[in-house]
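Residues 1311 to 1765, numbered by our numbering, are exactly what the sequence shown covers, in order.
In this text, a Cβ means the ideal position worked out from N, Cα and C, and glycines have one as well.
Here is the structure we will look at, set down as structure tokens.
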Amino acid sequence: MRVALVNPPWMYKRLYTHGIYPPYGILMLATQLREHGHDAQILDANALEWTEEETRAQIAAFDPDVLGITVFTDGFGFAERTGPWWKRHSGGKPLLIGGPLVSGAPETLLKASRADVATIGESFVSGPQLIAALEKGTPLSEVAGLILQHADGTLQPTGPTPAWGNLDTLPLPDWELLPVELYLQGGKQPFFKKRRINRYLSTITTLGCAWRCSFCQVPDLYPGVRARDPELVADEIALYRDKYAIEGMYFRDDILFRPGKIADALARKVPGLPWSCLLRADMMSDGVLGKMAAGGCVEIRVGFESGDDMVLSLANKKTEVAQNRRCIELARKHGIAISGFLIVGLPGETEDSLAATERFVRDMQVRVSVHFPLPLPGTDLYRQTLARGEIGDEAALLRKFSEPQLPGAVLQPPPINQCELPEDVLVHWAMRLAAAGQAADDAQTAPSGHADSPF
Ligand code: B12
Ligand code: SF4
């Protein structure tokens, strides 16, 4: 079958001027579908900088039998405008939607986009089965892990999503399905710009997370934790070094599990190749950071979130400020650059907690990117907001997520305030914290690694 999988133009692009990011979910799905003999193509509107109209023209030109759209946080508007267009244009050919926002709010996305099928959670098993069923004309209700939308608008869940048990048996992503040269260069400004690493790719080694922070959807998206064999991860990276002459690697895992083991494998198989990843402070010890440095790690980024233990505890973060401070010291001891993320306005936030966060940033002289909390469907924060009666119309909320970011703003003010402080106070503190983080970054004599997005 001819299957077009679309990575929509990102509305948050303004935040990501320093790099482009592969749509890993549809990259994996397209790779699998091609292995099954389908003509699957990715229409990468984000990387190729197509407008919505250009994207629809590209879809029309490819003329697929099936259209699929991946929907992230900012993708509601595109799905809402493009789904009905596709139905009219194609005379009713199938429309599939998937991705994190769909998994969190499937009913709202199905209604708005008029899609026939939503995949829930991962689609390593359900995705190929779904396309096979469409090709053969067998009932889609026999494929588990979907929600079907019938012509009369009724919705039919097809049962729990089957998980792909052993990630090592998944095919490696076929980067040729994307404009790989653009990704290698990291967009207009290289991702590792400050380190003068000009060619890099990324990979994912883990699905799921062992923690359950209130604002994060990952624990709901992939229950449990599955991780790839570090030796095979290192083999994949060696392959990219040989095939694409990469000079660096970025791990896209939410949290890189077993960083010491991965570092050991990289030290043997791709010695000297610099890499970077996301981690939790409480996973870092002197020994692990030493191994990571020896294995090529040049930068870690950590979800500090707040400089106040009460705010961290209410967010179920399960790390303490002292652990974040210690992690920064240890990383620097091993010559690993460290930066992190803050969330301004989590439940329990006060001017005192924000002042504590500012002290943390200034004392530690650490670069931070600053965000407001989004109640993402599928998170505990969303459920808390819903229980307070503050969600109302879910479609209106998701539409708000897909508004372009304000020029020059750290982020738009939170769509739903999660604390007692007024919005203008939160915006003021967010700017102040961002400035403190920037000052820390400017003060570093050594290059601090990523010049990339605030995410
Ligand atoms: C890498 C990453 C990024 C990268 C790149 C994003 C990208 N295009 O891949 C960057 C850094 C840019 C990024 C930015 C942001 N991200 Co992000 N990111 C991730 C991360 C860590 C991995 C995504 C991934 O590749 N997963 C692995 C693949 C294999 O899984 P998948 O995408 O879910 O796809 C599978 C299925 O969903 C399905 N599928 C997906 N699409 C489709 C389409 C069809 C048609 C079908 C049939 C199936 C299907 O098939 C895939 C294979 O099974 C996830 C967390 C996570 N573990 O998923 C957060 C996550 C997706 N991000 C999140 C957030 C909040 C953001 C930001 C808003 C943060 C911010 N404040 O700026 C921005 C938004 C950017 C945007 N335009 O949407 C949330 C999304 C919540 C939501 N409901 O949308 C997540 C879940 C993390 C969290 N905190 O909860 N992110
Ligand atoms: S924020 Fe990080 S540590 Fe917390 S649940 Fe999400 S992935 Fe896990």
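Can you check which of these residues, the options, is closest to residue i by C-alpha distance?
i	options	result
A1537	P1569, D1484, I1547 and A1548	P1569
W1521	K1628, M1594, A1555 and T1468	K1628
P1467	Q1439, L1444 and E1417	E1417
R1366	A1705, E1452 and A1314	A1314
Q1527	L1494, D1426, R1742 and L1691	L1691
P1319	H1348, L1343, H1346 and T1392	T1392
G1335	W1396, P1483, D1478 and R1742	P1483
G1431	D1564, P1410 and R1578	P1410
P1685	L1488, L1652 and S1524	S1524
L1511	A1371, P1529 and P1489	P1489
W1739	P1724, P1540 and G1605	P1724
D1752	A1371, S1649 and F1670	S1649
T1515	W1396, E1546 and L1444	E1546
D1384	V1671, L1419 and L1405	L1419
P1533	G1463, P1540, L1517 and E1364	L1517
A1473	A1443, V1535 and D1462	V1535
D1349	G1558, T1464, L1624 and L1487	L1487
L1743	Y1331, V1543, R1669 and K1601	R1669
F1767	Q1675, E1345 and I1653	No answer is possible for residue 1767: it lies beyond the span of the chain, which begins at 1311 and ends at 1765.
A1428	G1408, I1441, L1440 and Q1439	G1408
E1345	Q1439, E1364, S1423 and L1736	Q1439
L1664	S1623, L1708, N1508 and E1615	E1615
I1556	L1588, G1613, L1492 and C1519	L1492
Y1331	E1364, A1544, L1405 and Q1495	Q1495
Using 10 angstroms around the beta-carbon of residue i, count the other beta-carbons present and answer buried if the total reaches 16, otherwise exposed.
i	result
K1643	exposed
K1446	exposed
S1679	buried
P1584	buried
P1717	Confidence at P1717 is low in this model, with a pLDDT of 48, below 50, so the placement of that residue should be treated as unreliable; the coordinate-derived value is given next. The residue is exposed, with fewer than 16 neighbouring Cβ atoms inside 10 Å.
A1749	exposed
E1639	exposed
L1480	exposed
S1413	buried
K1579	buried
S1758	Caution is warranted here: a pLDDT of 45 is assigned to S1758, below 50, making its placement in the model unreliable, and no coordinate value can be reported.
T1341	buried
Y1322	buried
R1312	exposed
P1500	Note that P1500 has pLDDT 46, beneath the 50 cutoff, so the model's placement of it is unreliable and the number below is only indicative. It counts as buried.
R1698	exposed
N1317	buried
L1465	exposed
D1564	buried
D1673	exposed
K1553	exposed
D1462	exposed
H1460	exposed
D1354	buried
G1582	exposed
S1371	The amino acid occupying residue 1371 in the given sequence is Ala; Ser does not appear at that position. The residue is exposed, with fewer than 16 neighbouring Cβ atoms inside 10 Å.
D1530	buried
A1706	exposed
In the DSSP output, what is residue i paired with across the bridge?
i	result
G1378	L1315 and L1406
E1609	S1586 and A1647
P1467	I1457
F1525	In the DSSP output, where bridge partners are listed per residue, F1525 has none listed.
Y1510	G1558
A1350	V1313
T1516	A1537
I1653	H1681
T1774	No answer is possible for residue 1774: the residues shown for the chain start at 1311 and end at 1765.
E1615	L1652
Would you say the beta carbon of residue i comes nearer than 7 angstroms to a heavy atom of the ligand COA?
i	result
D1564	The ligand content of the structure shown is limited to the ligand B12 and the ligand SF4, which means the ligand COA is not among them.
Does the beta carbon of residue i come closer than 8 angstroms to any beta carbon on chain D?
i	result
F1434	Here chain D cannot be found, since the structure has a single protein chain.
field: Contact between the stretch 1600-1620 and the stretch 1628-1636 (3+ Cβ pairs under 8 angstroms)
entry: yes
query: Contact between the stretch 1651-1661 and the stretch 1721-1735: three or more CB pairs below 8 angstroms?
result: yes
field: Cβ contact (3+ pairs, closer than 8 angstroms) linking the stretch 1396-1403 and the stretch 1359-1377
entry: yes
message: Would you call the stretch 1442-1458 in contact with the stretch 1351-1359, where contact means no fewer than 3 C-beta pairs closer than 8 angstroms?
response: no
query: Where are the alpha helix (DSSP H) runs, 4 residues long or more, that stay fully inside the stretch 1673-1732, in chain order?
result: 1690-1697 and 1704-1711
- prompt: Three or more C-beta pairs closer than 8 angstroms, one from the stretch 1560-1574 and one from the stretch 1591-1607: is that the case here?
  reply: By the criterion of at least three beta-carbon pairs nearer than 8 angstroms, the stretch 1560-1574 is in contact with the stretch 1591-1607.
field: Inter-stretch contact at 8 angstroms, needing at least 3 Cβ pairs: the stretch 1453-1464 / the stretch 1433-1445
entry: yes
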